[in-house]
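*Asks:* Residue numbers (the UniProt record's numbering), protein chains in the order written: chain F, 1 to 486; chain C, 1 to 472.
Note that the Cβ used here is the ideal one computed from N, Cα and C, for glycine as well.
Only a predicted model underlies this, so the values are computations on that prediction, with no experimental measurement involved.
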Amino acid sequence: MKISHSPRACNRLPVLGIIALALLFIFTSCASHNLPSLGGQPGQGALFEPENGTIAASPEQTGEGKPLFGGVSSPEPVLTEGEALSLSKLEALARQHNPTLAQAKAQIQSEHAKALEAGLYPNPVIGYIGEQISVRGTVGEFQGGFIRQKIVTAGKLRLSREKYQARASAAELLALAQMYRVINAVRMQFYRTLGAERKLEVQQELLETAEDRQVTVQEMFNVGQANRADLHQTRVLRQAQLLNVQQAENDLAMERETLGAIIGLLQPLGEVTGKLEAPLRHLVWEEALERLLAESPELAAAHANLKADEIMVQREKVEPIPNLFIEGSAGRNFEASETVYGVRAFVEVPLFDWNQGTIRQAKADWRRQRNEVRRTELSLRQSLADWFRRFRTALQKVTEYQNVILPQSEQRYVTRLKSYRADRETWPGVLEAQQDFFHRGLIYIDQLVAWRQAQVAIDGFLLVGGLEPPAGVVPPGHIDSVPKPR
Amino acid sequence: MKKGLSRRQFLATSTAAVAASALGGRDVQGQESTAESRQKQANGPDSAQSSFSRYSRYHPSFGGPPESDHYLGKLVPGLRQSGLPPVPFEAPDLGKIPWRMVGGVKEFEIRCTPVKREFLPGQFMNVWGYNGSLPGPTIEAFQGDRVRFVVHNELPEPTTFHWHGLELPVQFDGVPGLTQDLIPPGETYVYEYDLHQTGTFFYHSHVTMQESFGMAGFFIIHPRIAYDPPVDRDFGLIFQNFFISPNTATPDSMAMNWNWHTINGRSGPYTTPLVCKHGERVRIRLMDFSPMQHHPIHLHGHTFWLTGTEAGRIPPNAWVPRNTTLTGVAMAQDFEFIAFNPGDWIFHCHMTHHMMNHMTQQVGPRIRQKVDVSRYLADLPNRPPVESSLAQPAFEVPGYPQKMQGMEMNAEAMRKLNERRETRGMRKQWHEGVKGLMTVLRVLPEDLYNRVMHSEEAIQPGEIFEAVARRK
Ligand SMILES: [Cu+2]
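(1) Residues of the region 416-429 of chain F in Cβ contact with chain C at a cutoff of 8 Å, in chain order, please.
(2) Are the C-beta atoms of Pro470 (chain F) and some chain C residue less than 7 Å apart?
(3) When the cut-off is 7 Å and only beta carbons count, does Asp212 (chain F) lie next to chain C?
(4) Distance check for Pro156 (chain C) and Ser82 (chain C), CA to CA, integer angstroms please.
(5) By Cβ distance below 8 Å, which residues in the same chain neighbour Gly279 (chain C) in space, the five residues on each side in sequence not counted?
(6) Going by the C-beta, is His295 (chain C) closer than 6 Å to any heavy atom of ligand 1?
(7) Pop quiz: Thr209 (chain F) and Gln455 (chain F) are said to be a contact at Cβ under 8 Å. What is the actual Cβ separation, rounded to whole angstroms?
(8) Going residue by residue through the UniProt domain "Plastocyanin-like" (117-224) of chain C, where are the continuous alpha helix (DSSP H) segments of at least 4 residues, counting only ones entirely within it?
(9) Closer than 9 Å, Cβ to any Cβ of chain F: which residues of the region 339-368 of chain C, in chain order?
(10) Is Tyr227 (chain C) helix, strand or coil by DSSP?
(11) In this structure, how does DSSP classify Gln267 (chain F) when only helix, strand and coil are distinguished?
(12) Roughly how many angstroms lie between the CA atoms of Asn355 (chain F) and Ile108 (chain F), to the nearest whole one?
(13) Taking Cβ positions only, does Thr376 (chain F) come closer than 7 Å to chain C?
(14) With DSSP run on the structure shown, which of helix, strand or coil describes Thr262 (chain C)?
(15) According to a CB-to-CB cut-off of less than 9 Å, which residues of the region 372-395 of chain C neighbour chain F?
(16) Within the same chain, show all residues whose beta-carbon is closer than 8 Å to that of Ala84 (chain F), passing over the 5 residues directly before and after it, in chain order.
(17) So Thr200 (chain C) packs on Asp334 (chain C), CB below 8 Å; how close in whole Å?
(18) Among F:Ile126, F:Phe437, F:Thr393, F:Phe325, which residue has its Cα nearest to the Cα of Arg412 (chain F)?
(19) For chain C, is any of its Cβ atoms less than 7 Å away from the one on Asn244 (chain F)?
(20) Mind reading off the beta-carbon distance from Met351 (chain C) to Met438 (chain C)? Whole number of angstroms is fine, and I expect it under 8 Å.
(21) In chain order, what residues of the region 267-280 of chain C put their CB closer than 7 Å to some CB of chain F?
(22) How many angstroms separate the CA atom of Gln143 (chain F) from the CA atom of Gln149 (chain F)?
(23) Taking the straight line between their C-alpha atoms, what separation do you get for Gln132 (chain F) and Ile151 (chain F)?
(24) Can you tell me whether Val125 (chain F) is helix, strand or coil according to DSSP?
(25) List the whole-angstrom C-beta distance separating Arg416 (chain F) from Glu425 (chain F), where the pair is believed to meet the contact cut-off of C-beta under 8 Å.
(26) Who are the Cβ neighbours of Ala154 (chain F) in its own chain at under 6 Å, not counting the five residues just before and after it?
(27) Excluding five sequence neighbours on each side, which residues of the same chain lie with their C-beta closer than 6 Å to the C-beta of Arg470 (chain C)?
(28) Would DSSP call Ser379 (chain F) helix, strand or coil?
(29) Is the distance from the Cβ of Trp99 (chain C) to the Cβ of Glu90 (chain C) below 7 Å?
(30) Kindly identify the DSSP beta-bridge partner or partners of Glu109 (chain C).
(31) If you follow the alpha helix (DSSP H) that Met179 (chain F) is in, where does it begin and where does it stop?
(32) Just the C-alpha distance for Asp447 (chain C) and Ile238 (chain C), rounded to the nearest angstrom, thanks.
(33) For a contact meaning CB atoms closer than 8 Å, what does Glu205 (chain F) contact in chain C?
(34) Apart from the five residues just before and just after Leu93 (chain F), which ones in its own chain have a Cβ nearer than 6 Å to its Cβ?
(35) Please classify Asn98 (chain F): does DSSP put it in a helix, a strand, or coil?
(36) Quick one: is Gln382 (chain F) buried, meaning 16 or more other Cβ sit within 10 Å of its Cβ, or exposed?
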């Protein structure tokens, strides 16, 4: 219900003063919310130090020209033909080219934009009024204009802005998470590619062994120590091993393609260079879990969202506190042939709708988010258990392969070779030991890759999937969709 | 033929001939005629009607009809006189067990022990034997002796002693359970009895697996006066087999196949040659203590008479002439012959698998061109490319290759082979043809015998062999 007053004559100067004041207020509000700063937000940083196997977040200013995440607009780096790619080079390329990082950056900008919009003061309404036209032959009793301004009360705009700033913080944390996802994915894929390169070499050695066996059995056939069925079998084994080589070639080609995709380059990649082996580091479950819960960007984002939801509850609670609408008008009373002024004020009375539903909804969202924090913790714990199991198993296998299995298998091969040289061993016996040695090598490479991947995952807060879309700030089903964010 | 015969006849006078030749006094024709004239003198008036009846200890000759005592040198005596005690028994590479007289009894002390035996230079095998030796050292005694054996079991498991072929009181026969309790580890057991037999006997453990592990030795009982015709040499050889996998030094006594072959605990060419003088009468006592292999034993260049078995002496009218004789498991055979034919003669089991050691298939880089195993060892994760042997034209012949490519002997092994006095002056690569159950009988003219066995002057490889060959 609006309380309306007829425009009436009043002092011209005070009315103009009100209008001027109102406009001034509006413009200053505008100005004070121009481009909210992004500086000083928690979790901002870039991922450095690719060589030592840990991801370190180092602070980086995010001013113009030096964005948090490299821009997609940067010129495509030209990889020279057959250039050997180190891990640090690949990470640098990914920071530059992976589209999800740009997406994550856009999401931050989007949340900041909402914060800006939510805090903007409402615009005044300016209009023309012609009343009682033709009365007594005049053009109207009142011909003039009015200006109406909504006066926002109870800090609604401030709360709205804070809420979206909290959301922007969450977006920044999620962008950091996305950076981990990308870098982790690059590292994992790097080790997979490296492993595929090494496995191809071993499979080629095994092919030579299979070819040797074929020649050997033909030699044996010539002296009656093997028969035709044995010859057939060596061809089967040789051909099967050739298929293994082809599969390894396919694996390597596709690992390289995958690596290129994660980085965001369409250009074919060459050989990657690096070491699968590194000093073996033991991890303690309790320490890994503690670090994860303390530093996970995902969990930090969930907390930031919880803060936003707390603010949202506050915001919705103040919503029913009426805003004041003030209207001033000025015109000419042609009946009285004089200039007149009018003033009106309105207020919405929260009689039926005092926002009780939305408050309840906001509280529900807040409760929901509290459980989202809890869910995130548990999900991280579950995921860590899975990665930790892989890590521990792979570490144990790598350790034993390094300490016992590979040296012993090698010694077995050496022993048989020397024995053959001393005329005490058959060549098929040597080939068997050689084949075992190479097979153990294949298993070892698999375990190295598994160990590296698990280590990257655990060091990188379990954030994997460098081409998954960056997580949105707001969980699905969250109330938000109003033209004017509040 | 005549010329060849003459050349061999010449060897009878080799020493004089060499001296004369060195003086440059005679040509070849002259030497031959001298030898022929000597032969005529020796044969006397009836040489024309029985040119085959004469037997010479210095050159191949028939010795008369089979009924003749000289047929193939059958009863031709050695250089030693009759009526003397026997010559000492000699088993190359084996010792003898010392004894002491205790109250009129010859008392021997024997320990049952684990043994590390060097089958080939540098290849020490873990076997069991007696007094640290495989086979055990020889027990040498005389007919009529009373003997006592104080046996200490130093093995980690029980054992007994059996006296193979001896006719002795049953309580000393050494069969576990049946005649005595096993001798526990660390304990001592005493056997004592009289010897009324003569011949080639042996002792061994009566625990089967211990037998397979090598626990046996000679027990030679001599007559007080050597049997006629007396021999100048009395050699003994024990043949054994073992299965020893590549890269282990311990035999598998359960195995059914046998890849290591030893004579007196060594494999050819590490077996020490039997060296005798040209013209001597030689006895070789051969005993087969293989777990389950019989050995057809073959001597080159000579025919020998089978004069004894593990049961003792065979009456001369039952002697059998042979070049090859099958000696079965746990059997002994005594061979006697006149060493009329100078040279280095292989003496071996004729089973082909016993003429090789640790035999392996010959396929692989060994027969491929330009491929050496060292290339594999140099870079283990990257094996060298396969080279096809089949491109060699020889592979068009099925059955190729048959040649055993021979174990490479390193310098140290070669030194061990040739540092033995018995091998001096043999051909440089003599070891290539002496493997497994093989040894060499060296029949040397006296001057060469003395150079080899007694002189300290340097002898070049092949020098003695070539000297012998030159004189033919
Ligand atoms: Cu044999």
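*Replies:* Based on what the coordinates show:
(1) So the list reads Arg416, Leu417, Lys418, Ser419, Tyr420, Arg421, Ala422, Asp423, Arg424, Glu425, Thr426, Trp427, Pro428, Gly429, given in the order they occur along the chain.
(2) Sequence index remark: in the first sequence, residue 470 (chain F) carries index 470 (1-based). Interface criterion not met: the Cβ of Pro470 (chain F) is under 7 Å from no Cβ in chain C.
(3) As a working note, residue 212 (chain F) is residue 212 in the first sequence. So yes, Asp212 (chain F) belongs to the interface.
(4) Numbered from its first residue, the second sequence carries residue 82 (chain C) at position 82. Numbered from its first residue, the second sequence carries residue 156 (chain C) at position 156. Cα-Cα distance, rounded: 48 Å.
(5) Walking along the second sequence from the start, residue 279 (chain C) turns up at place 279. Cβ-Cβ distances below 8 Å link Gly279 (chain C) to Arg57, Tyr58, Leu79, Ile338, Ala339, Phe340 in the same chain, with the five nearest sequence neighbours on each side left out; the list follows chain order.
(6) Here the question's residue 295 (chain C) lines up with position 295 in the second sequence. Yes, ligand 1 has a heavy atom inside 6 Å of this Cβ.
(7) If you number the first sequence from 1, residue 209 (chain F) lands on position 209. If you number the first sequence from 1, residue 455 (chain F) lands on position 455. Contact flag wrong, Cβ pair sits at about 32 Å.
(8) Under the rule that a run must span 4 or more residues, the alpha helix (DSSP H) segments found entirely inside the UniProt domain "Plastocyanin-like" (117-224) of chain C read 208-212.
(9) Listed by position, the residues of the region 339-368 of chain C near chain F (Cβ gap below 9 Å) are Asn357, His358, Met359, Thr360, Gln361, Gln362, Val363, Gly364, Pro365, Arg366, Ile367, Arg368.
(10) Position 227 of the second sequence holds residue 227 (chain C). Tyr227 (chain C) falls in the coil class under three-state DSSP.
(11) The residue given as residue 267 (chain F) occupies position 267 in the first sequence. DSSP places Gln267 (chain F) in coil when its eight states are reduced to three.
(12) By 1-based counting over the first sequence, the position of residue 355 (chain F) is 355. By 1-based counting over the first sequence, the position of residue 108 (chain F) is 108. If I take the Cα positions, the gap works out to 29 Å.
(13) The residue given as residue 376 (chain F) occupies position 376 in the first sequence. Taking Cβ atoms only, chain C never reaches closer than 7 Å to Thr376 (chain F), which makes this a no.
(14) Counted from its first residue, the second sequence places residue 262 (chain C) at position 262. Thr262 (chain C) falls in the strand class under three-state DSSP.
(15) The residues in question are Asp372, Val373, Ser374, Tyr376, Leu377, Leu380, Pro381, Asn382, Arg383, Pro384, Pro385, Val386, Glu387, Ser388, Ser389, Leu390, Phe395.
(16) The residue labelled residue 84 (chain F) in the question sits at position 84 within the first sequence. A distance below 8 Å between beta-carbons, with the five flanking residues on each side excluded, links Ala84 (chain F) to the following residues of its chain, in chain order: Gly270, Glu271, Val272, Thr273.
(17) Along the second sequence, one-based indexing puts residue 200 (chain C) at 200. Along the second sequence, one-based indexing puts residue 334 (chain C) at 334. At roughly 6 Å, the Cβ-Cβ gap stays under 8 Å, so Thr200 (chain C) and Asp334 (chain C) are in contact.
(18) Against the first sequence, residue 412 (chain F) aligns to sequence position 412. Here the closest residue by C-alpha is F:Phe437.
(19) Walking along the first sequence from the start, residue 244 (chain F) turns up at place 244. No, no contact with chain C.
(20) Looking up residue 351 (chain C) in the second sequence gives position 351. Looking up residue 438 (chain C) in the second sequence gives position 438. Between Met438 (chain C) and Met351 (chain C) the Cβ distance is about 11 Å, and since that is not below 8 Å, they are no contact.
(21) So the list is empty, because no residue satisfies the distance condition.
(22) Counting from 1 along the first sequence, the entry for residue 143 (chain F) is found at position 143. Counting from 1 along the first sequence, the entry for residue 149 (chain F) is found at position 149. Distance between the alpha carbons of Gln143 (chain F) and Gln149 (chain F) is about 20 Å.
(23) Within the first sequence, residue 132 (chain F) is the residue found at index 132, counting from 1. Within the first sequence, residue 151 (chain F) is the residue found at index 151, counting from 1. Spanning the two alpha carbons is a distance of roughly 30 Å.
(24) Numbered from its first residue, the first sequence carries residue 125 (chain F) at position 125. The three-state secondary structure of Val125 (chain F), taken from DSSP, is strand.
(25) Taking the first sequence and counting its residues from 1, the one referred to as residue 416 (chain F) is at position 416. Taking the first sequence and counting its residues from 1, the one referred to as residue 425 (chain F) is at position 425. Going by Cβ atoms, the distance from Arg416 (chain F) to Glu425 (chain F) rounds to 5 Å, so yes, they are a contact pair.
(26) Within the first sequence, numbered from 1, the residue matching residue 154 (chain F) stands at position 154. The beta carbon of Ala154 (chain F) sits closer than 6 Å to those of Val318, Ile321, all from its chain and outside the five residues before and after it, given in chain order.
(27) Taking the first residue of the second sequence as 1, we reach residue 470 (chain C) at position 470. So no residue of the chain qualifies.
(28) In the first sequence, residue 379 (chain F) corresponds to position 379, counting from 1. Ser379 (chain F): helix per DSSP, three-state reduction.
(29) Here the question's residue 99 (chain C) lines up with position 99 in the second sequence. Here the question's residue 90 (chain C) lines up with position 90 in the second sequence. Cβ distance not < 7 Å, so Trp99 (chain C) and Glu90 (chain C) don't count as in contact.
(30) Here residue 109 (chain C) corresponds to residue number 109 of the second sequence, with the count starting at 1. BP columns for Glu109 (chain C) point to C:Val150.
(31) Counting from one through the first sequence, the residue named residue 179 (chain F) turns up at place 179. 156-222 is the extent of the alpha helix (DSSP H) around Met179 (chain F).
(32) Numbered from 1 along the second sequence, position 447 holds the residue referred to as residue 447 (chain C). Numbered from 1 along the second sequence, position 238 holds the residue referred to as residue 238 (chain C). Rounded to the nearest angstrom, the two C-alpha atoms are 30 Å apart.
(33) Here residue 205 (chain F) refers to the residue found at position 205 when the first sequence is read from its first residue. Those within 8 Å of Glu205 (chain F) in chain C are Pro381, Asn382, Arg383.
(34) Numbered from its first residue, the first sequence carries residue 93 (chain F) at position 93. Hits under 6 Å: Ile263.
(35) Translated into the one-based positions of the first sequence, residue 98 (chain F) becomes position 98. Reduced to three states, the DSSP call for Asn98 (chain F) is coil.
(36) As a first step, residue 382 (chain F) is located in the first sequence; it is residue number 382 there, counting from the start. Exposed, because fewer than 16 other Cβ atoms sit within 10 Å of the Cβ of Gln382 (chain F).
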